[in-house]
Structure formats: structure tokens, C-alpha cells
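Single-structure report; data block below.
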Amino acid sequence: MARHNLNTVIGFEFFRTVKKRRFWITTLAIPVALAIVFALIIISNQSTSTTAKAQKNAHLSFTYTDDSGLVTDTLAATYGGTKTTDGARAIAEVKTGTVDAYFVFPVDPVTQPVRVYGTDKGIFENGKYDAVAKQILIAAAQQKISSPQLTALAQGNVTIKSQTYRDGKVSGGLNAVIPPLLFLLIFYVSIILLGNQMLSSTLEEKENRVTEMILTTLNPTTLIIGKVISLFMVGLMQMLIFALPVIIGYLFFRSNLSLPDLDLSHLSLEPGPMIVGALLLLGGFILFTGTLVAVGAVMPTVKEAGPIFASLMVLIFVPFYVVSLIVSDPHALIVQIFTYFPYSAPVTAMLRNGFGSLTPLESATVIAELFILGFIALRLAVHLFRYGSIEYSKKLSIRNTLRRRNHA
Amino acid sequence: MVGEPLVRIRDFRMDFGNQTVIRDLSFDVHAGETFGFLGSNGSGKTTTLRALLGIYQPTAGTLHIDGKVFEPRDGARLGYLPEERGLYKKESVLDVMVYFGRLKGLSRQKAKDWSRTYLERVSLTDKATARLDKLSGGQQQKIQLGVTIMNDPELLILDEPTQGFDPVNRRLLMDIIEDQKRAGATVIMVTHQMEEVERLCDRVLLLKNGTAEAYGTIEDVQDRYGATIIRLQHSGLLPASDLYDITLAEHDYAELAPRAGTAEADILRELVRHGVAVRSFTTARTSLEEIFIRVYGEQNQPVGA
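Chains A and B, in that order, are what the protein sequence lines are. So the first sequence is residues 1 to 408, counted in our numbering. So the second sequence is residues 1 to 305, counted in our numbering.
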């Protein structure tokens, strides 16, 4: 019967959330906004690419002086340039529009600016002067090097594969840091997406005066666990919907969106940090869920629960203020405090786990702490709901409620 | 009709802080009977029901249903209509009814079929897919009652069931409760409508200041508080007597309250002996409403929740 009721609660809570129009409006707003942004980026990139290409290859009528000795007459001529020795006259010709531009290549173009004088052809068209001047210098440098390989190297077109070792074994480096940190991302997204719903999940029973009907039909533990599971399912669905445009964008429009080509095969999934990350995520989720549900059971309305909710949200962001210390000096006092203080522990420990500075003992301690406190918070939430939600519009006295014998 | 006690309350005391709301309350409700749990506002009726259902933890005493403390897992056998009404207002009528039906052990299809039949009976078929908060207060009450009696509960606890109903729907509701009673349900009913009590209840308990003021069949209570009233049409002066008290005396009409142990025939003989010309001599029991007013009218300070 308990299992039947749990399934019933999960089904009711899940479907009544996803059946609501408001849910879909808020859920789809983000992917739709992302899709619009991506579309704008693609259009913009295509336009920029076309413009850049056009500007790079633009044929201008210009004059130039070259103190560097890099630009040959032949090269300049291919871009429409004519050498001059009279700078003042060249500027005057630009002013009258006789020529489009006048470039002044200095003695050392690396340390000195190339001066460009041009007729104003509008904000976007004016960019071609810079593009052509730069392209002339690049072409001049390539001519001097006379080697495609050296030219590529000069442009930094190199691929480096690194291999590092820890304790005599190959370590994953940055590729090993990223996968465990994904748990941190999931933690943030789930708490931000679901926090408010966790808070209001039991408030609804109070505000709708349905508590007595529920308490005489259903074990409150079943109700709360059912609500938490359904919320998790809703959150998971939201995450997938949010991620969908990014996945589609990456798979099908990567070049148009100028997204980096991520080679996921290079990511190193080390079992230890991955297991610790997953447990930290689960423990942190249980702790925050239990706490938010307990707060909801105590407070008469969502509005009155707001300040406590805000405080909890602050605590999950606070570790980022000391992120440089977490990375560079994990044994600093403040990092240790954040590692063990329950509401900053999940984020701090997940960061340290990702960067490889969380020892096995510390991992075990934090995981145990999160799970134990999480189950205590859930137990407390059930107790407060059972004996507190009957207060309906009154703020609950926790002391009085805890005095009552727990039958939950 | 009266069987073993389904509900047994012994020495129940309930304190809220320093205030004692219920003290030493003991009573039984037998299987199959309809029990009226009466009292003025704040006399402790709802508190007692909540303690019986485990929502409140009693300060002392035992409150048993079917020989044990109620647990929510026994909820499938219980139908409880609380004083504080409410359902999931943003959900549709059918969704909410099916949800509670499922929690009471029905399959989805059975819960759906039962709900549709009930909605037809209470003339709300067209509201099946409407959101609860789009229904009137009376219509919501009907849905709440439907949820309460789903799966034909063995014990039905109704806290002011007719609150907010018009006379037509009150009659409908009474018919539904009677059906449940006929189907074998034990009913505990809290109400201020004394005509409902007289129509439906086998036994009653009058709660006053947290203690049982009266407990028994309606006749027992009437005997204790009002006994019999003699309505007299007469001519001639009514004599004072040890056999009765004159509770009302008008020109040719009077009401007499027989003193304990006095037979009505003795009173009639006494009147005739004193030369009173008796044109009409009828006896009647005091109504529960009159008893209620007499018991609670003198109560200035309500006690408890």
C-alpha cells in the first residue's frame, strides 16, 4: 500500500506540474530564447564572415608610405595601393575623396601603430581600411618567411598534446577536472530550478486547507518523499529541455555558432572523483531538499519563507568568493570551514573534488555529514509537516512541535 | 443495531500550553451507529476528532479506532470531512477525486467511474474537468463530501457537514449520509443542526467546557434535560403543587414540567381535584434544540479549540 501510495503521489505531483500551461511557458522560455540567440549568432556570423572576407579582399584605391621596408610595391598594388612620399598631399587627397585611404606603415609595425586615413563610408564599411592594412602586413611577413610551415607556426597554428603524472600514474589534467565538476553544475541547476518548488511543496497543502484530508489518508513520509521524487523528475525534464538547443546547436550548427570543437574522448572519467562527485551531489540535494521542505512546513506562506530561502541560496554561492583559495590553498582555514559547514559543503567539496584536493578522508567525512544531516532534515520536515501544517495560517512554534511524540 | 465499540475514548485530556481544552473525556461509538458529537463553538469537538485521528497528540488518555491508535495507513477505511475544508484548488475536479480514490485503494478506472457516478448524483457532471477554484463554495463542498465517502468507508467522521449548504443541498447531503449508514458505515457527526441529529443520530454526546455534559440516546438526553412537558388548555386558576413546576402560564394556556417520579396521570388528577377545567392535556418531549440552548446558553466563555 505504501508503495502504491508513493507511486500515486509521484504521478499526481508530476503530471499536475507538467500539465500546466505556465510550466511550459516558463520551461520553454529559456530554450526558445537560446534558439533565438543562436539564430542571431548564425546570421551575424554569416554576415561578419562575409563582411570580413569582403573587407580582407577589398580592392581600395589608396596611397601609402612604408618606413618598415616590409611592403613591396607589387604587393601593395595587388590591393590597389600606390606608394607616395608626400604624406600631407596624400591626406589632402583622402579629404577630397580622390583616393579612398592613405596608410602609414611605421618603422616597426609590431610596436608602433599603423596610421590609416580614410574617407568615411559608414561605420561598417570603414572597417575595411584596417582589414586591408593588416592583410598587407600579414602577406608581407609571409613573403619574408617564404615557408608555409613557418608562417603557420608564426600564426600559432599548432596542436599540443600534454601528458602529466601524479603518484607515478598518468593524470588526466584539465580533462580530468571537467567531468567531476559537471556534478556541481547539476547541483546548481537543480537547486536553482527546484528550490522554490521544494519550499512551496508542502505550503500548498496548508494554503489549500487540505492537510487534514492528507494526514488521515496518507503517511506524511510517503507524501514528502513522493513530492521530492516528482520534483526531481520535473527538474530533470527541465534540464533536458534547456540543454536541447545547446546539443542541437553543437551537433548541427557548430561552425555557424563558432562553438569550439570539443573532443569529448579526451575527457578523463576517473572513477574515484566521479563517485565522490555523485555522492556529494546526492547528499547535497537531500540536505537542501529536506531543509527547504522543513522551512515550508514551518512558514504559513511562500512570502514569509522567502528570507530563509534567500539565505540558503547565498550559502551555495559563497564558496565562489574564495574559489582561488579553494584551488591554490585548500588547507586554508576559510576553505576548511566552507568544506565542513553543511550548507556550503556541497559546493566547496565538489570544487575541491574536481581540482583533486579533496582527500579520501575528507570526502568520506563530508559525504557522511551531508547524508546524515540530509536525512535528519527530511525527518524533521516530515515531523513538522505532520504536527505543524495543521496550524494553517499561523507560523509554527518549532519548539512546541518538537515536543510532540513522533509517530511519522 | 448497536455492536462492539468501533471508537473507544478513555480519560482523554488535551492541553494547549497552560490551557486544558478537554478533561477526562470517555465515550464509545459502536459499529453501525450514527453518533452526534455536539457542543458549542470552542467546546473541543474538533480537537477530540483530530486527536482521535492522530493529527493532535493527546496529553493523556487513549483514543482507539478498532482497538488501536489510528494510523494513516488505515485511511482507506476512513472517511473524514474536516471542519477546515479544502482540496487542491488549481486541479480539476476529476483529477482530485481520482487522486484521493487511488490513495484510498481504488484502481484508477474504479476511482474514475465512482467519481463520475457521484458527480451525476450531485448534479455536477458538467464540472468534471473544471478547476476546483472555479466552482462555488457549495459545489466544492459536494466534491469534498464525495472524496470523503469514496470507497465506502467503515467509519465516517463528518465535522459540520452541512456548513455552507442551502436547504435543498442539505437534504441531498443528509440522504447521502443515510445511504452510507444503510450500507453499514459508522458515522460520527459534529453539527449544530439539531434537526439533523434528531433525524440521523442514534446516540449523542454533549461536550461542554471540555467534559461530557450528557451522553446517551436522544431520549436519554431529553429525559435528563427536558423530560416531558405538559401542554395544557384550561380555564380556572392553576394551583401550585409539589407534583409539577409551572414553566409557562398565559390566560388559558400553560406548560407544566413534571417533577421527578411524577406520573402524568397524577398531575391530571391533581388539576381536576383543584377544580381546573381541562380542555386539552398533551405531553411532549423537549426538543434537542431547546436542550442545546438551555445547556449552552448559560455558557459565557467558550473553552478550547
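Glycine is no exception: its CB is placed at the ideal position from the N, C-alpha and C atoms.
Assigned secondary structure, B/Thr191 (DSSP; H/G/I helix, E/B strand, else coil): The sequence position of residue 191 of chain B within the second sequence is 191, counting from 1. Coil at B/Thr191, not helix or strand.
Using a Cβ-Cβ cutoff of less than 7 Å, which residues in the same chain neighbour B/Phe165 once the five nearest sequence positions on both sides are dropped? Looking up residue 165 of chain B in the second sequence gives position 165. Contacts found: Gly138, Gln141, Leu173.
Below 8 Å between beta carbons: does that hold for B/Tyr215 and B/Val295? As a first step, residue 215 of chain B must be located in the second sequence, where it is residue number 215. As a first step, residue 295 of chain B must be located in the second sequence, where it is residue number 295. No, Cβ-Cβ distance for B/Tyr215 and B/Val295 is not below 8 Å.
Rounded to whole angstroms, what's the CA-CA distance from B/Lys208 to B/Ser43? Just pull it up for me. The residue labelled residue 208 of chain B in the question sits at position 208 within the second sequence. The residue labelled residue 43 of chain B in the question sits at position 43 within the second sequence. Their backbone Cα atoms lie some 6 Å apart in a straight line.
Name the one or two DSSP bridge partners that A/Thr82 has. Numbered from 1 along the first sequence, position 82 holds the residue referred to as residue 82 of chain A. A/Thr82 is bridged to A/Thr63.
Within chain B, partners of A/Asn5 - CB distance below 7 Å: Residue mapping note: residue 5 of chain A aligns to position 5 of the first sequence, counting from 1. Simply Leu103.
Cβ closer than 8 Å: which chain B residues qualify as neighbours of A/Asn208? Reading the first sequence from its first residue, position 208 is the one you call residue 208 of chain A. By Cβ distance, chain B contributes Gly86, Leu87, Tyr88, Lys89.
Indicate the three-state DSSP secondary structure (helix, strand or coil) for A/Ser363 in the structure shown. Along the first sequence, read from residue 1 onward, the residue named residue 363 of chain A stands at position 363. Helix.
CA-CA distance, B/Asp252 and B/Val190? Translated into the one-based positions of the second sequence, residue 252 of chain B becomes position 252. Translated into the one-based positions of the second sequence, residue 190 of chain B becomes position 190. So the alpha carbons of these two residues sit roughly 40 Å apart.
Supposed contact pair A/Val335 and A/Val322 - C-beta distance, whole angstroms, cut 8 Å: Looking up residue 322 of chain A in the first sequence gives position 322. Looking up residue 335 of chain A in the first sequence gives position 335. That pair is a contact at about 6 Å.
Give the residues from the segment 208–223 of chain A that approach chain B closer than 7 Å (Cβ to any Cβ), ordered along the chain. Asn208, Arg209, Val210, Glu212, Met213, Leu215, Thr216, Thr217, Leu218, Asn219
Other residues of its chain near B/Arg102: CB distance less than 6 Å, five sequence neighbours each side excluded: To locate residue 102 of chain B, count along the second sequence from 1; it is residue 102. The answer, listed in chain order, is Ala111.
Short check: CB of B/Leu256 to CB of B/Asp245, under 8 Å? As a working note, residue 256 of chain B is residue 256 in the second sequence. As a working note, residue 245 of chain B is residue 245 in the second sequence. In contact: B/Leu256 and B/Asp245 (Cβ atoms closer than 8 Å).
Just how far apart, CA to CA, sit B/Asn300 and B/Gly39? Your numbering for residue 300 of chain B matches position 300 in the second sequence. Your numbering for residue 39 of chain B matches position 39 in the second sequence. Interpretation of B/Asn300 is limited by its pLDDT of 46, a score under 50 that renders its predicted location unreliable; the figure taken from the coordinates is listed afterwards. If I take the Cα positions, the gap works out to 13 Å.
Would you mind sorting A/His383 into buried or exposed? The rule is 16 or more other CB atoms within 10 Å of its CB. Walking along the first sequence from the start, residue 383 of chain A turns up at place 383. By the 10 Å Cβ count, A/His383 comes out buried.
Pull up the DSSP beta-bridge partners for A/Glu369, would you. As a position in the first sequence, residue 369 of chain A is number 369, starting the count at 1. BP columns for A/Glu369 are empty, so no partner.
Interface residues of the segment 183–211 of chain B facing chain A [CB-CB below 7 Å]: none
Which chain A residues sit within Cβ distance under 9 Å of B/Asp95? As a position in the second sequence, residue 95 of chain B is number 95, starting the count at 1. Those are Phe12, Phe15, Arg16, Lys19, listed as they occur along chain A.
Closer than 8 Å to chain B by CB, A/Thr8: Along the first sequence, one-based indexing puts residue 8 of chain A at 8. Yes, because at least one Cβ of chain B sits closer than 8 Å to the Cβ of A/Thr8.
If the cut is a Cβ gap below 8 Å, which residues of chain B does A/Ile390 touch? By 1-based counting over the first sequence, the position of residue 390 of chain A is 390. In chain order: Arg50, Ile55, Tyr56.
Can you tell me where the beta strand (DSSP E) with B/Leu132 in it begins and where it stops? As a working note, residue 132 of chain B is residue 132 in the second sequence. From DSSP, B/Leu132 is part of no beta strand (DSSP E); its letter is neither H nor E.
Exposure of B/Gly304, with buried meaning 16 or more beta-carbon neighbours within 10 Å: As a first step, residue 304 of chain B is located in the second sequence; it is residue number 304 there, counting from the start. At B/Gly304 the pLDDT is 37, less than 50, meaning the model places this residue with poor confidence; the figure from the coordinates comes in the next sentence. Counting Cβ neighbours within 10 Å, B/Gly304 comes out buried, since at least 16 surround it.
Please work out which residues of its chain come closer than 7 Å, Cβ to Cβ, to B/Leu271, disregarding the five sequence neighbours upstream and downstream, and give them in chain order. The sequence position of residue 271 of chain B within the second sequence is 271, counting from 1. Excluding residues within five positions, the ones whose Cβ falls inside 7 Å are Val278.
Cross-strand partners of A/Met313 (DSSP beta bridge): In the first sequence, the residue the question calls residue 313 of chain A occupies position 313. Answer is none; A/Met313 lacks a bridge partner.
Residue range of the unbroken alpha helix (DSSP H) whose run includes A/Tyr340: As a working mapping, residue 340 of chain A is identified with position 340 in the first sequence. It spans 333–340 - the alpha helix (DSSP H) in which A/Tyr340 sits, taken as one unbroken run.
Assuming A/Ser190 and A/Gly226 form a contact by the criterion Cβ under 8 Å, report the distance between their Cβ atoms to the nearest whole angstrom. As a working mapping, residue 190 of chain A is identified with position 190 in the first sequence. As a working mapping, residue 226 of chain A is identified with position 226 in the first sequence. Going by Cβ atoms, the distance from A/Ser190 to A/Gly226 rounds to 18 Å, so no, they are not a contact pair.
Which residue marks the beginning of the alpha helix (DSSP H) containing B/Arg273, and which one marks its end? As a working mapping, residue 273 of chain B is identified with position 273 in the second sequence. Segment 264–273, the alpha helix (DSSP H) holding B/Arg273.
Quick check: is the beta carbon of B/Phe35 nearer than 8 Å to any beta carbon in chain A? Looking up residue 35 of chain B in the second sequence gives position 35. Closer than 8 Å: no.
Using only CA atoms, which one of B/Ile149, B/Arg73, B/Gly86, B/Gly105 lies nearest to B/Leu119? Residue 119 of chain B sits at position 119 when you count from the first residue of the second sequence. Of the listed residues, the one whose Cα sits closest to B/Leu119 is B/Ile149.
Within a Cβ cutoff of 7 Å, which residues of the same chain sit near A/Thr27, ignoring the five residues on either side of it in sequence? Counting from one through the first sequence, the residue named residue 27 of chain A turns up at place 27. Excluding residues within five positions, the ones whose Cβ falls inside 7 Å are Gln238, Ile241.
Would you call the segment 220–239 of chain B in contact with the segment 48–67 of chain B, where contact means no fewer than 3 C-beta pairs closer than 8 Å? no
When you compare each of B/Arg182, B/Pro161, B/Lys90 to A/Phe15 by their alpha carbons, which one comes out closest? Here residue 15 of chain A refers to the residue found at position 15 when the first sequence is read from its first residue. Of the listed residues, the one whose Cα sits closest to A/Phe15 is B/Lys90.
Chain A residues whose Cβ lies nearer than 8 Å to that of B/Tyr215: The residue given as residue 215 of chain B occupies position 215 in the second sequence. By Cβ distance, chain A contributes nothing, its closest Cβ being about 25 Å from B/Tyr215, past 8 Å.
So the alpha helix (DSSP H) A/Ile123 belongs to, where does it begin and stop? The residue you call residue 123 of chain A lines up with position 123 of the first sequence. That run of the alpha helix (DSSP H) goes 123–145.
Can A/Glu212 and B/Tyr80 be called in contact, C-beta distance under 8 Å? The residue labelled residue 212 of chain A in the question sits at position 212 within the first sequence. The residue labelled residue 80 of chain B in the question sits at position 80 within the second sequence. Yes, they are a contact pair.
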